[in-house]
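J.: First the structure, which I've put down as structure tokens, then a few questions once you've had a look.
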Amino acid sequence: MHSWFALNSIAPAIVEVKGVHQFDWLTRENVPVLEAIENHRGVRNHYHGDHGTVSSASDNPRVLASKLQARSPKYISLLNHLRIYLPELFPNLSKVVFLDDDIVVQRDLSPLWAINLEGKVNGAVETCRGEDSWVMSKRFRTYFNFSHPVIARSLDPDECAWAYGMNIFDLAAWRKTNIRDTYHFWLKENLKSGLTLWKFGTLPPSLIAFRGHVHGIDPSWHLLGLGYQDKTDIESVRRAAVIHYNGQCKPWLDIAFKNLQPFWTKHVNYSNDFVKNCHILEPRHVKE
1 MHSWFALNSI APAIVEVKGV HQFDWLTREN VPVLEAIENH RGVRNHYHGD HGTVSSASDN
61 PRVLASKLQA RSPKYISLLN HLRIYLPELF PNLSKVVFLD DDIVVQRDLS PLWAINLEGK
121 VNGAVETCRG EDSWVMSKRF RTYFNFSHPV IARSLDPDEC AWAYGMNIFD LAAWRKTNIR
181 DTYHFWLKEN LKSGLTLWKF GTLPPSLIAF RGHVHGIDPS WHLLGLGYQD KTDIESVRRA
241 AVIHYNGQCK PWLDIAFKNL QPFWTKHVNY SNDFVKNCHI LEPRHVKE
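First residue of the sequence shown? That's 1 in the working numbering, and the numbers climb one at a time after it.
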């Protein structure tokens, strides 16, 4: 990453690349997520051993889903949990724009700084309303297991969800909350349940932790779903400030949706040595 930006300047912007090893406060004592990840590896090994099979014929769907979650890098990678530590990662900053690694920025994002978050912490696109009935129909019932009594008595299935991927965070406001502690608490609750409280990923515990701290922003800032369904309106893709290839069909893979892939590939220089070393496949053009 250092080499990439050294050879591909984006001046006058200033880029600082940091590795996890450079944050000496990221210890098991200071960061309970590390303990949760270690415990999660124990859950995974309990299900599988180190090289066990994923499932058995006697597994019911709920148990099978938990086993699959236990193998997901979305759970056992520290990088996927680091976003909950943004106030600690950037102690001298009062506001940041957060971008995932599977997005494309298509227009100037500087107007985000002028958005009044009205005292909230997280400026995010809410995913329970919009023209796309598939992508924009996400409520808590989409992510949580409401057949579990802990979830049933704690959450509202009709509560609106929101999206990670392009967020503006007020870190000054965040530091006055218990968001991080709430996140830790629910990670541990899910581990105690055998990973049965929610679907995989780090969004569900964040949905709980940020309850009451989210300010909805205009959906045109962040268009989702380009990695799991191909029915997205192309004009909406062109208009969006940020497009997000969340889902399995990433634009650098051969399984990408061919109508959506060019919005990413047009920015890639396939002759670049670093790109070649990453073995990113150049899109195949079908001859008519």
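Glycine included, C-beta positions come from ideal geometry on N, C-alpha and C.
When DSSP labels each residue in this structure, what does residue 155 get in the three-state scheme?
T.: Taking the sequence shown and counting its residues from 1, the one referred to as residue 155 is at position 155. Three-state DSSP puts residue 155 in coil, outside helix and strand.
J.: Taking the runs of the alpha helix (DSSP H) that are 4 residues or longer, which of them lie wholly in the region 108-150?
T.: 140-143
J.: Is the region 184-198 in contact with the region 237-244, if contact means three or more CB pairs nearer than 8 Å?
T.: no
J.: Of the residues 275, 281 and 125, which one's Cα is nearest the Cα of residue 4?
T.: Reading the sequence shown from its first residue, position 4 is the one you call residue 4. Comparing Cα-Cα distances from residue 4 to each of 275, 281 and 125, the minimum goes to 275.
J.: Can you tell me the Cα-Cα spacing of residue 176 and residue 264, whole angstroms?
T.: Within the sequence shown, the letter at position 176 stands for residue 176. Within the sequence shown, the letter at position 264 stands for residue 264. Going by the C-alpha atoms only, they are around 38 Å apart.
J.: Can you list, in chain order, the residues of its chain whose CB lies under 7 Å from that of residue 26, leaving out five sequence neighbours each side?
T.: Here residue 26 corresponds to residue number 26 of the sequence shown, with the count starting at 1. Contacts found: 20.
J.: Assign residue 231 to buried or exposed, taking buried as 16 or more other Cβ atoms, counted over all protein chains shown, within 10 Å of its Cβ.
T.: Taking the first residue of the sequence shown as 1, we reach residue 231 at position 231. Classification for residue 231: exposed.
J.: By the three-class DSSP mapping on this structure, what secondary structure does residue 272 have?
T.: In the sequence shown, counting from the first residue as 1, residue 272 sits at position 272. The answer is coil: DSSP assigns residue 272 none of H, G, I, E or B.
J.: Tell me the start and end of each unbroken beta strand (DSSP E) in the region 212-285 that is at least 3 residues and wholly inside, in chain order.
T.: 214-216 and 242-244
J.: Can you check DSSP and say which residues form a bridge with residue 198?
T.: Counted from its first residue, the sequence shown places residue 198 at position 198. Bridge partners of residue 198 according to DSSP: 144.
J.: Against chain C, does residue 113 count as a neighbour if the rule is that its beta carbon must be under 9 Å from one of theirs?
T.: In the structure shown, chain C cannot be found, because there is only a single protein chain.
J.: Just the C-alpha distance for residue 192 and residue 272, rounded to the nearest angstrom, thanks.
T.: The sequence position of residue 192 within the sequence shown is 192, counting from 1. The sequence position of residue 272 within the sequence shown is 272, counting from 1. Cα-Cα distance, rounded: 47 Å.
J.: Is it buried or exposed for residue 14, if we count other Cβ within 10 angstroms and need 16 for buried?
T.: Reading the sequence shown from its first residue, position 14 is the one you call residue 14. That one is exposed.
J.: Which residue from 95, 211 and 241 puts its Cα closest to that of residue 172?
T.: The residue given as residue 172 occupies position 172 in the sequence shown. The shortest Cα separation from residue 172 among 95, 211 and 241 belongs to 95.
J.: Just how far apart, CA to CA, sit residue 129 and residue 121?
T.: Position 129 of the sequence shown holds residue 129. Position 121 of the sequence shown holds residue 121. Approximately 21 Å between the Cα atoms of the pair.
J.: I need the straight-line Cα distance from residue 117 to residue 167, nearest angstrom please.
T.: Reading the sequence shown from its first residue, position 117 is the one you call residue 117. Reading the sequence shown from its first residue, position 167 is the one you call residue 167. Using only the alpha carbons, I get a separation of about 11 Å.
J.: Opposite residue 170 in the DSSP bridges: which residues?
T.: Here residue 170 corresponds to residue number 170 of the sequence shown, with the count starting at 1. Looking at the DSSP assignment, residue 170 forms a beta bridge with 95.
J.: Does residue 25 come out as helix, strand or coil in the three-state DSSP assignment?
T.: Here residue 25 refers to the residue found at position 25 when the sequence shown is read from its first residue. Three-state DSSP puts residue 25 in coil, outside helix and strand.
J.: Would you mind sorting residue 136 into buried or exposed? The rule is 16 or more other CB atoms within 10 Å of its CB.
T.: Walking along the sequence shown from the start, residue 136 turns up at place 136. It is buried - the Cβ of residue 136 has at least 16 other Cβ atoms within 10 Å.
J.: Under 7 Å Cβ to Cβ from residue 254, same chain only, skipping five residues before and after it: list those, please.
T.: Position 254 of the sequence shown, counted from the start, is the residue given in the question as residue 254. Excluding residues within five positions, the ones whose Cβ falls inside 7 Å are 281.
J.: Nearest to residue 109 by alpha carbon, out of 243, 262 and 260?
T.: As a position in the sequence shown, residue 109 is number 109, starting the count at 1. If we check each option's Cα against that of residue 109, 243 comes out closest.
J.: How many Å lie between residue 218 and residue 162 at the Cα?
T.: The residue you call residue 218 lines up with position 218 of the sequence shown. The residue you call residue 162 lines up with position 162 of the sequence shown. So the alpha carbons of these two residues sit roughly 12 Å apart.
J.: Can the beta-carbon of residue 259 be found closer than 9 Å to that of residue 102?
T.: Translated into the one-based positions of the sequence shown, residue 259 becomes position 259. Translated into the one-based positions of the sequence shown, residue 102 becomes position 102. No, the Cβ-Cβ distance between residue 259 and residue 102 is not below 9 Å.
J.: Do residue 104 and residue 267 have their C-beta atoms within less than 9 Å of each other?
T.: Locating residue 104 in the sequence shown gives position 104, where the first residue counts as 1. Locating residue 267 in the sequence shown gives position 267, where the first residue counts as 1. A contact, by the Cβ cut-off of 9 Å.
J.: So for residue 105, helix, strand or coil by DSSP?
T.: Residue 105 sits at position 105 when you count from the first residue of the sequence shown. Here residue 105 sits in strand by DSSP.
J.: Does the separation of the CB atoms of residue 125 and residue 84 fall below 9 Å?
T.: Taking the sequence shown and counting its residues from 1, one reaches residue 125 at position 125. Taking the sequence shown and counting its residues from 1, one reaches residue 84 at position 84. Inclusion of residue 125 and residue 84 in the CB contact set at 9 Å is not warranted, their separation being larger than that value.
J.: Among 228, 227, 181 and 107, whose alpha-carbon lies nearest the alpha-carbon of residue 205?
T.: In the sequence shown, residue 205 corresponds to position 205, counting from 1. Answer by Cα proximity: 181.
J.: When you compare the CB positions of residue 224 and residue 165, do they come within less than 9 Å of one another, or not?
T.: In the sequence shown, counting from the first residue as 1, residue 224 sits at position 224. In the sequence shown, counting from the first residue as 1, residue 165 sits at position 165. Yes.
J.: Determine the burial state of residue 212: buried for a count of at least 16 other Cβ atoms within 10 Å of its Cβ, exposed for fewer.
T.: Reading the sequence shown from its first residue, position 212 is the one you call residue 212. Per the 10 Å Cβ criterion, exposed.
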